[in-house]
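Participant: Provided herewith is a single structure, encoded as structure tokens, for subsequent inquiry.
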Ligand code: APR
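Numbering (the numbering used here), first residue to last: 99 to 409.
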């Protein structure tokens with residue numbers, strides 16, 4: 099059986115475990131600093147397995163020894179946003195937590211592939227790669243699947259069409275400057291621009307960009323977790339099943355889209371080796387301008403990280 103360890107057993111971590119357990123993909127380990135909590139959630143979830151008929155082990159722990167031999171490490175540890183906060187406001191607190199989680203897990207699982215979910219996402223993925231020294235194939239950030247799913251959900255609400263018929267592609271950094279590619283997004287092959295009036299499409303793009311904040315403002319005590327965590331589960335499944343699935347994720351740039359030494363949301367192919375390929379769209383001038391603005395915002399957070407910690 100494969101093994102996935104999830105660091106941080108809070109809302110996103112435990113919900114990721116839930117989605118993964120239902121897929122019967124791997125034995126699961128939940129790690130958190132809060133004593134008893136990961137053990138309690140893991141036991142409760144394991145007690146659900148007889149009902150859904152899935153044979154996976156689920157254990158909780160407060161130390162990293164339990165993660166030994168993991169195929170995938172998912173990092174969700176850290177603080178979530180509260181109303182009025184941007185993802186970048188989380189930088190200093192989460193850098194310390196993620197940096198430690200990355201190095202301590204690597205010592206027990208030298209062959210693991212890392213999926214990073216903690217915000218600010220692109221920069222936490224960058225930190226994980228620099229701290230572990232892993233090749234870029236083995237560190238990937240979750241963001242684009244979520245942002246694209248939000249856009250798909252808003253298009254479904256607007257049109258009444260099945261979510262299954264709606265394909266949207268949201269690239270760029272996981273912040274308000276993200277890049278919804280309306281030209282490539284479609285309903286059953288029909289470009290969104292032809293299906294929807296321009297003002298409705300603009301409203302969907304704006305709502306997508308602010309989609310995380312909308313949930314934070316509603317919840318008031320934390321940020322979204324159902325959609326982010328199922329996005330993580332989809333990535334883990336694509337890796338363990340060697341699916342060669344093309345999905346938007348945060349990957350380390352080495353010249354793609356003219357970007358270097360940074361994580362950025364781009365279409366990647368996920369398989370058993372992690373990020374197997376990065377695909378490049380041909381962007382028009384408007385899309386390139388949005389890409390550049392988003393890349394500049396992500397670069398700024400990377401630079402802020404470099405001032406805070408030694409990489
Ligand atoms: N090691 C392990 N777990 C830790 C550590 C640490 N050093 N520090 C904090 N944690 C745990 C907390 O105890 C908490 O249980 O991380 C968990 C985070 O859970 P939540 O507070 O519920 O936050 P969540 O909604 O899961 O978001 C976590 O993911 O989507 C991002 O923006 C979000 O950065 C945030 C992260």
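No residue lacks a Cβ here, since even glycine has one placed at the ideal position from N, Cα and C. As the structure is a prediction and not an experimental result, all values here were calculated from the model.
1. Is residue 380 helix, strand or coil by DSSP?
2. Is it the case that the Cβ atoms of residue 115 and residue 128 are separated by a distance below 7 Å?
3. Can residue 321 be considered in contact with the ligand APR, in the sense that its beta carbon sits closer than 6 Å to one or more heavy atoms?
4. Counting only the same chain and skipping the five closest in sequence on each side, list residues whose C-beta sits under 6 Å from that of residue 217.
5. Looking at the unbroken alpha helix (DSSP H) that takes in residue 318, where does it start and where does it end?
6. Would the C-beta of residue 247 count as close to the ligand APR, meaning under 6 Å from any of its heavy atoms?
7. Between the beta-carbon of residue 168 and the beta-carbon of residue 112, is there less than 7 Å?
8. In the DSSP assignment, the alpha helix (DSSP H) including residue 365 goes from what residue to what residue?
9. Assuming residue 136 contacts residue 159 under a Cβ cut-off of 8 Å, what Cβ separation, rounded to an integer in Å, is found between them?
10. Would you kindly work out how many angstroms separate the C-alpha atoms of residue 151 and residue 145, rounded to a whole number?
11. Would you mind sorting residue 190 into buried or exposed? The rule is 16 or more other CB atoms within 10 Å of its CB.
12. Three or more C-beta pairs closer than 8 Å, one from the region 251 to 262 and one from the region 222 to 236: is that the case here?
13. In the DSSP assignment, what residue or residues form a beta bridge with residue 101?
14. So what does DSSP say about residue 269, is it helix, strand or coil?
15. From the DSSP output, read off the bridge partner residues of residue 239.
16. Per DSSP, which residues does residue 375 bridge with? Please list them.
17. Tell me which residues share the same chain as residue 310 and place their Cβ nearer than 7 Å to its Cβ, disregarding the 5 neighbours each side in the sequence.
18. Have a look at residue 337 and residue 372 and give me their C-alpha separation to the nearest angstrom.
19. At a cut-off of 6 Å, would you count residue 160 as near the ligand MN, judging by its Cβ distance to the nearest heavy atom?
20. Which residue wins for smallest C-alpha separation from residue 99, given the options 105, 307, 316, 121?
21. Just reading off the alpha helix (DSSP H) that residue 158 is part of, what are its end residues?
22. Which whole-angstrom value describes the C-beta separation of residue 211 and residue 250, a residue pair presumed to lie in contact below a C-beta threshold of 8 Å?
23. Based on the DSSP secondary-structure assignment, which residues constitute the bridge partners of residue 277?
24. Taking only runs of the beta strand (DSSP E) that begin and end inside the region 158 to 223, which ones reach a length of at least 3 residues, in chain order?
25. According to DSSP, what are the bridge partners of residue 264?
26. So which of 201, 242, 204, 377 has the shortest CA-CA distance to residue 220?
27. Can you tell me whether DSSP reads residue 343 as helix, strand or coil?
28. Looking at residue 173: is its Cβ nearer than 7 Å to the Cβ of residue 102?
29. What does the alpha-carbon distance come out to for the pair residue 269 and residue 248?
30. Please name the residue, chosen from 225, 183, 179, 312, that lies closest to residue 198 on a Cα-to-Cα basis.
31. Among residues of its own chain, excluding the 5 on either side of residue 307, which ones have a beta-carbon nearer than 8 Å to its beta-carbon?
32. Could you compute how far the alpha carbon of residue 195 sits from the alpha carbon of residue 140?
Facilitator: Taking the coordinates as given:
1. If you number the chain shown from 1, residue 380 lands on position 282. Looking at residue 380 - three-state DSSP - the assignment turns out to be coil, as it is neither helix nor strand.
2. On the chain shown, residue 115 is found 17 positions in, with the first residue counted as 1. On the chain shown, residue 128 is found 30 positions in, with the first residue counted as 1. Yes, they are a contact pair.
3. For this step, residue 321 is matched to residue 223 along the chain shown. The answer is yes for residue 321.
4. For the purposes of this step, residue 217 is taken as the residue at position 119 of the chain shown. Once the five neighbours on either side are set aside, the close Cβ partners of residue 217 are 185, 188.
5. Taking the first residue of the chain shown as 1, we reach residue 318 at position 220. First-last for residue 318: undefined, no H or E at that position.
6. The residue you call residue 247 lines up with position 149 of the chain shown. Not so, every heavy atom of the ligand APR lies at least 6 Å from the Cβ.
7. Numbered from 1 along the chain shown, position 70 holds the residue referred to as residue 168. Numbered from 1 along the chain shown, position 14 holds the residue referred to as residue 112. No, Cβ-Cβ distance for residue 168 and residue 112 is not below 7 Å.
8. Here residue 365 corresponds to residue number 267 of the chain shown, with the count starting at 1. Run containing residue 365: none in the alpha helix (DSSP H); it sits in the beta strand (DSSP E), 358 to 369.
9. For the purposes of this step, residue 136 is taken as the residue at position 38 of the chain shown. For the purposes of this step, residue 159 is taken as the residue at position 61 of the chain shown. The Cβ separation is near 6 Å, so the contact holds.
10. The count along the chain shown starts at 1 and reaches residue 151 at position 53. The count along the chain shown starts at 1 and reaches residue 145 at position 47. Approximately 11 Å between the Cα atoms of the pair.
11. As a working note, residue 190 is residue 92 in the chain shown. An exposed status is given to residue 190, since fewer than 16 other beta-carbon atoms sit within 10 Å of its beta-carbon.
12. no
13. Indexing the chain shown from 1 puts residue 101 at position 3. Answer is 125, bridged to residue 101.
14. By 1-based counting over the chain shown, the position of residue 269 is 171. Residue 269: strand per DSSP, three-state reduction.
15. Counting from one through the chain shown, the residue named residue 239 turns up at place 141. BP columns for residue 239 point to 214, 348.
16. As a working mapping, residue 375 is identified with position 277 in the chain shown. Residue 375 is bridged to 367.
17. The residue labelled residue 310 in the question sits at position 212 within the chain shown. 321, 322.
18. Walking along the chain shown from the start, residue 337 turns up at place 239. Walking along the chain shown from the start, residue 372 turns up at place 274. If I take the Cα positions, the gap works out to 6 Å.
19. As presented, the structure is devoid of the ligand MN, carrying the ligand APR as its sole ligands.
20. Counted from its first residue, the chain shown places residue 99 at position 1. Of the candidates 105, 307, 316, 121, the one whose C-alpha sits nearest the C-alpha of residue 99 is 121.
21. Counting from 1 along the chain shown, the entry for residue 158 is found at position 60. No alpha helix (DSSP H) holds residue 158; the beta strand (DSSP E) holding it covers 156 to 159.
22. Counting from one through the chain shown, the residue named residue 211 turns up at place 113. Counting from one through the chain shown, the residue named residue 250 turns up at place 152. Going by Cβ atoms, the distance from residue 211 to residue 250 rounds to 26 Å, so no, they are not a contact pair.
23. Taking the chain shown and counting its residues from 1, one reaches residue 277 at position 179. Looking at the DSSP assignment, residue 277 forms a beta bridge with 269.
24. 170 to 173, 211 to 214
25. In the chain shown, the residue the question calls residue 264 occupies position 166. DSSP output for residue 264 lists 285 as bridge partner(s).
26. The count along the chain shown starts at 1 and reaches residue 220 at position 122. Of the candidates 201, 242, 204, 377, the one whose C-alpha sits nearest the C-alpha of residue 220 is 242.
27. Working through the chain shown from its first residue, we reach residue 343 at position 245. Strand.
28. Looking up residue 173 in the chain shown gives position 75. Looking up residue 102 in the chain shown gives position 4. The answer is no: Cβ separation not under 7 Å.
29. Translated into positions along the chain shown, residue 269 becomes position 171. Translated into positions along the chain shown, residue 248 becomes position 150. Residue 269 and residue 248: Cα-Cα distance of roughly 13 Å.
30. Counted from its first residue, the chain shown places residue 198 at position 100. Among 225, 183, 179, 312, the Cα nearest to that of residue 198 belongs to 225.
31. By one-based count along the chain shown, residue 307 stands at place 209. So the list reads 274, 275, 276, 278, once near-sequence residues are dropped.
32. Within the chain shown, residue 195 is the residue found at index 97, counting from 1. Within the chain shown, residue 140 is the residue found at index 42, counting from 1. Each residue's alpha carbon lies about 22 Å from the other.
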